[in-house]
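Below: the structure, in structure tokens.
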Amino acid sequence: GGTATCFCRFCREKAKALGISADRAIEGFRALAAFTAAAARGERPADGYFVTVWRLMLRYPEMLAWEMLWTDSLRETYAAIYRQVKSVKPSVGVGWHIWHNNSFNPIYRAEQDLQELSRYSDFLKMVMYHNCGGERMANYTRSIGRTLYGDVPAEELLEFHYRVLGYAHEKPLGELPRTGFSADYVYEETKRARDGLKGSKTLLWPGIDIDIPTAADSSKSTPQGTRDAVAAAFRAGSDGVLLSRKYSEMRLANLRGAGEAMRAL
């Protein structure tokens, strides 16, 4: 019912200057939308889901070019904001929130070039929401398992993502929403980001979730879980943490867990 992405005249003009055909991109996205609709109806392609998606990508590489057009345009906006703020008051810190999808989707992660981002970032808030992350990872796995990875059993698909994302100690799909991610996830993600920012002056502030709402039977924040996550971030080399999302959601006992971890440093 909606549009896959933006094809306004400004995007079209920018694409044309870069040698990208907007018409071909639209044609490809329409074909991809038809594939997704058929998958939702349970109609498996003759060659399977993964092969069919890549057939579309190879036939319409403009879709990938359009995705990077969007990403590069966002980076240009970041850089413009950074320059403008610094022109007014150089001492003001400028940085960005890196969406939680970075923890689930390897393709999205591939777009997050931390060396590139560091050029116009005094800090990065890398979302590492361990508690709600289990529920979100399970939802992502089930969703992507209905289209691109429709040929792969859900548990195997989750294990594939654990392997390529570098998560060695997380729970199987049936348990994951109830347990959330472990503090080890926070450690590994912080270390990966720290390594990705090597040589830059950009500060790394992992976002640690406290009482972000989850389903009734999914993991809830605890003082111990919060304490362990904050401690893991600092062990892995973070410059600080951002307790997330908002104070009005947070239980004081869980906030105290973060404070205990800080005082123990």
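The numbering of the sequence shown is the numbering used here, which starts it at 555 and goes up by one.
Cβ atoms here follow ideal geometry from the backbone N, Cα and C, with glycine treated the same way.
For clarity, every value in this text was computed on a predicted model and none was experimentally measured.
- Message: Would glycine 728 and histidine 684 qualify as a contact pair, given that the criterion is a beta-carbon distance under 8 Å?
- Response: no
- From arginine 663 to threonine 768, what does the alpha carbon distance come to, in whole angstroms? 24 Å
- Query: When the Cβ atoms of the region 674-691 are set against those of the region 633-646, are three or more pairs found closer than 8 Å?
  - Reply: yes
- Please work out which residues of its chain come closer than 7 Å, Cβ to Cβ, to glycine 720, disregarding the five sequence neighbours upstream and downstream, and give them in chain order. Glu742 and Arg746
- Message: Let's see if you can read the secondary structure: which residues bound the beta strand (DSSP E) around histidine 651?
- Response: 649-652
- Message: Is the separation between the beta-carbon of alanine 787 and that of valine 740 shorter than 8 Å?
- Response: yes
- Message: I need the DSSP call for serine 627, collapsed to helix, strand or coil.
- Response: helix
- Query: Helix, strand or coil for aspartate 763 per DSSP?
  - Reply: strand
- Query: Would the beta-carbon of serine 792 fall within 8 Å of that of arginine 732?
  - Reply: no
- Query: Of the choices Ser627, Ile762 and Arg748, whose alpha-carbon is the least far from that of threonine 756?
  - Reply: Arg748
- Message: Judging by CA-CA distance, which residue of Ala576, Ala591 and Trp608 is the nearest neighbour of threonine 559?
- Response: Ala576
- Message: Measuring only the C-alpha atoms, how far is cysteine 562 from tyrosine 614?
- Response: 20 Å
- Task: Could you spell out where the beta strand (DSSP E) holding serine 798 opens and where it closes?
- Result: 796-798
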